[in-house]
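The opening residue of the sequence shown carries number 1 in this note's numbering; numbering runs sequentially from there.
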Amino acid sequence: MSPESKKLFNIIILGVAFMFMFTAFQTCGNVAQTVIRSLNNTDFHGSGYTSMAIIYGVFSASNLITPSVVTIVGPQLSMFASGLFYSMYIAVFIQPFPWSFYTASVFIGIAAAVLWTAQGNCLTINSDEHTIGRNSGIFWALLQSSLFFGNLYIYFAWQGKTQISESDRRTVFIALTVISLVGTVLFFLIRKPDSENVLGEDESSDDQDMEVNESAQNNLTKAVDAFKKSFKLCVTKEMLLLSITTAYTGLELTFFSGVYGTCIGAINKFGAEEKSLIGLSGIFIGIGEILGGSLFGLLSKNNRFGRNPVVLLGILVHFMAFYLIFLNMPGDAPIAPIEGTDSSAYIKSSKEVAILCSFLLGLGDSCFNTQLLSILGFLYSEDSAPAFAIFKFVQSICAAVAFFYSNYLLLHWQLLVMVIFGFSGTISFFTVEWEAAAFVARGSDYQSI
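The following block contains the structure:
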């Protein structure tokens, strides 16, 4: 197998492994609050929103140390160990206890930070300047297809059910745990890419030991430098402006990945299909994500108008979705009790409108995330690791805050928070993009500070 073929093989395996893991985890997140509502009339008392708040809070803090962990352990073992913790979290739902549920939430927060840092490292070492776009597209498409499979199962398995029984819960989460473990094991199929500089056989063992020691020192220096650069980049004008946009992606991530499915499952007027509609909602979010990511990935090569039109499309699509959700969903849907809600919305609640909004949420999310990744890679090509660490830090901490307030705020207040941040984040993104375009027009390197 040629070196290029081996790298492409690694990217495909990386994408397939993530597809399996996140088929399990995203399906788990989508139904967690609904399942826990069914458990709260037993000895178990917990909140899926609180669990997600813990996960994203720990995730944000852990981003500060994970580059050092991946440097020492390596990307392959880092992803394998993280996959085991993902599987452990999902397995907790087979027979949940509050202490194990929240403890697993802490561990998976750490594991998520390690996993995504290692994924970025693995993607980078298996790509070059000519293949990074293609490889990112392959990985994105495989990752987002995870939204289909688990939610498709939920849609058919829970059709006609108004309550989630113990046997239903165990069947689903045993299957999801096995799927997550399959993805975890697949990381061992990733092969080490051929190094550009391979040690010759005639080198002495002393020379090899010296190079190993120098390499270890270099890795430590790089880790410390990246840590320092992260703090310096935090206070630059460009990063502060982009942080508002990033904060919005964290808030809407929480909404479409956890809150919206719970709202659909709580509306009694949807009848016997209310629980299975959660799965269908996840499928259409996935369709929107894949369509947007694929379309804007292809257009990026020949886009003469920059990133702003895509972000403008994203916010318009999201505002349309928020308005339809505001009209179509009762205000108490996110915090409804186990019995669901019989409250009336401003219009007669429609399943078709609810699923349309799922598609719009996915499409809008792909608009923002693809363009944020693009502009960060463009502005900070020399400091990409610290820049993306800040991106993940801000996004995850805002997602944690959103999961926390989702326990208490009515739907219209949650939508208002997203509208405010969405509008502000769009304006701030436009500002940075206009300045970036000006630097490119003058033929200058874009440097912060």
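Quick reminder that beta carbons are idealized off the backbone N, C-alpha and C, glycines included.
With the cut-off set at 8 Å, would you say Ile264 and Leu176 are in Cβ contact? Contact: no.
Look up Ile347 in the DSSP assignment and say whether it is helix, strand or coil. DSSP places Ile347 in coil when its eight states are reduced to three.
Where Ile287 and Gly362 are concerned, what is the direct C-alpha to C-alpha distance, given to the nearest angstrom? So the alpha carbons of these two residues sit roughly 7 Å apart.
How about Leu147 and Gly282: do their beta carbons lie closer than 8 Å? Contact: yes.
Backbone secondary structure at Thr236 - three-state DSSP: Looking at Thr236 - three-state DSSP - the assignment turns out to be coil, as it is neither helix nor strand.
Pairs of beta-carbons, one from the stretch 384-399 and one from the stretch 322-332, closer than 8 Å: are there three or more? With the rule of 3 Cβ pairs closer than 8 Å, the stretch 384-399 does not count as touching the stretch 322-332.
Can you list, in chain order, the residues of its chain with a C-beta nearer than 8 Å to that of Ser62? Leave out the 5 residues immediately preceding and following it. The residues are Gly109, Ile110, Ala112, Ala113 and Val114.
Would you say Phe391 and Ala53 are within 8 Å of each other, going by their C-beta atoms? In terms of Cβ geometry, Phe391 and Ala53 do not form a close pair [threshold 8 Å].
Quick check on Glu201: does DSSP put it in helix, strand or coil? Per-residue confidence for Glu201 stands at a pLDDT of 38, beneath the threshold of 50, marking its modelled position as unreliable; no derived number is given.
By Cβ distance, which residues of its chain are closer than 7 Å to Ile290, with the 5 residues on each side in sequence left out? Excluding the 5 residues flanking it on each side, Ile290 has same chain C-beta neighbours closer than 7 Å at Ala141, Gln144 and Ser145, in chain order.
First through last residue of the alpha helix (DSSP H) which encompasses Phe97: For Phe97, there is no enclosing alpha helix (DSSP H), as DSSP gives it neither H nor E.
Checking 8 Å against the spacing of the C-beta atoms, do Gly364 and Val317 come in under that value? It is a contact, given that the beta carbons lie within the stated cut-off.
Note the first and the last residue of the continuous alpha helix (DSSP H) segment covering Ala61. Note, Ala61: alpha helix (DSSP H), Gly48 to Ser62.
Decide if Met1 is buried, meaning its Cβ has at least 16 other Cβ atoms within 10 Å, or exposed. Label assigned to Met1: exposed.
Quick one: residues in its chain with C-beta nearer than 7 Å to the C-beta of Ile138, no 5 flanking neighbours on either side, listed in chain order? Excluding the 5 residues flanking it on each side, Ile138 has same chain C-beta neighbours closer than 7 Å at Ile11, Ile12 and Gly15, in chain order.
Terminal residues of the continuous alpha helix (DSSP H) containing Leu409? For Leu409, no alpha helix (DSSP H) encloses it, and the DSSP letter there is neither H nor E.
Once you ignore the five residues that flank Ile355 on each side, which residues in its own chain have a CB closer than 8 Å to its CB? Non-local C-beta neighbours of Ile355 in its own chain, meaning closer than 8 Å and more than five positions away in sequence, comprise Leu277, Leu280, Ser281 and Phe284, ordered along the chain.
Please determine, among Val58, Phe85, His45 and Cys122, the residue with the shortest C-alpha to C-alpha distance to Lys6. Looking at the Cα atoms, Cys122 is the closest of the given residues.
Going along the chain, which residues of its own chain have a beta-carbon closer than 8 Å to the beta-carbon of Met239, five neighbours each way excluded? Counting only Cβ-Cβ distances below 8 Å, and skipping sequence neighbours, we find Leu233, Ala387, Ile390 and Ser448.
For Glu339, report the span of its alpha helix (DSSP H) as first-last. That residue, Glu339, is in no alpha helix (DSSP H); it is neither H nor E in DSSP.
Kindly examine the ligand HEM and report whether one of its heavy atoms sits closer than 7 Å to the Cβ of Tyr102. Among the ligands in the structure shown, none appear at all, so the ligand HEM cannot be discussed.
Straight-line Cα distance separating Ser243 from Trp116: Rounded to the nearest angstrom, the two C-alpha atoms are 19 Å apart.
Ignoring anything shorter than 4 residues, give me the alpha helix (DSSP H) runs that lie fully in the stretch 309-333, in order along the chain. For the stretch 309-333, not a single whole alpha helix (DSSP H) run of length 4 or above is found.
Do Phe101 and Ser51 have their C-beta atoms within less than 8 Å of each other? Taking 8 Å as the cut-off, the Cβ atoms of Phe101 and Ser51 count as close.
I need the DSSP call for Ile244, collapsed to helix, strand or coil. The answer is helix: DSSP assigns Ile244 an H, G or I state.
Ala17 to Glu4 span [Cα, whole Å]: Going from the Cα of Ala17 to the Cα of Glu4 covers about 20 Å.
Where does the unbroken alpha helix (DSSP H) through Pro75 begin, and where does it stop? Per DSSP, Pro75 is one residue of the alpha helix (DSSP H) stretching across Pro75 to Ala91.
May I have the straight-line CA-CA distance separating Phe107 from Ser87, to the nearest angstrom? Going by the C-alpha atoms only, they are around 11 Å apart.
According to DSSP, is Ile190 helix, strand or coil? In the structure shown, Ile190 sits in coil (DSSP, three-state: anything other than H, G, I, E or B).
For Thr27 versus Gly183, is the C-beta spacing smaller than 8 Å? Inclusion of Thr27 and Gly183 in the CB contact set at 8 Å is not warranted, their separation being larger than that value.
Going by C-alpha distance, which of Phe359, Phe378 and Val259 is nearest Ile335? Of the candidates Phe359, Phe378 and Val259, Val259 places its Cα closest to the Cα of Ile335.
Where Phe97 and Tyr380 are concerned, what is the direct C-alpha to C-alpha distance, given to the nearest angstrom? Each residue's Cα considered, the two are about 44 Å apart.
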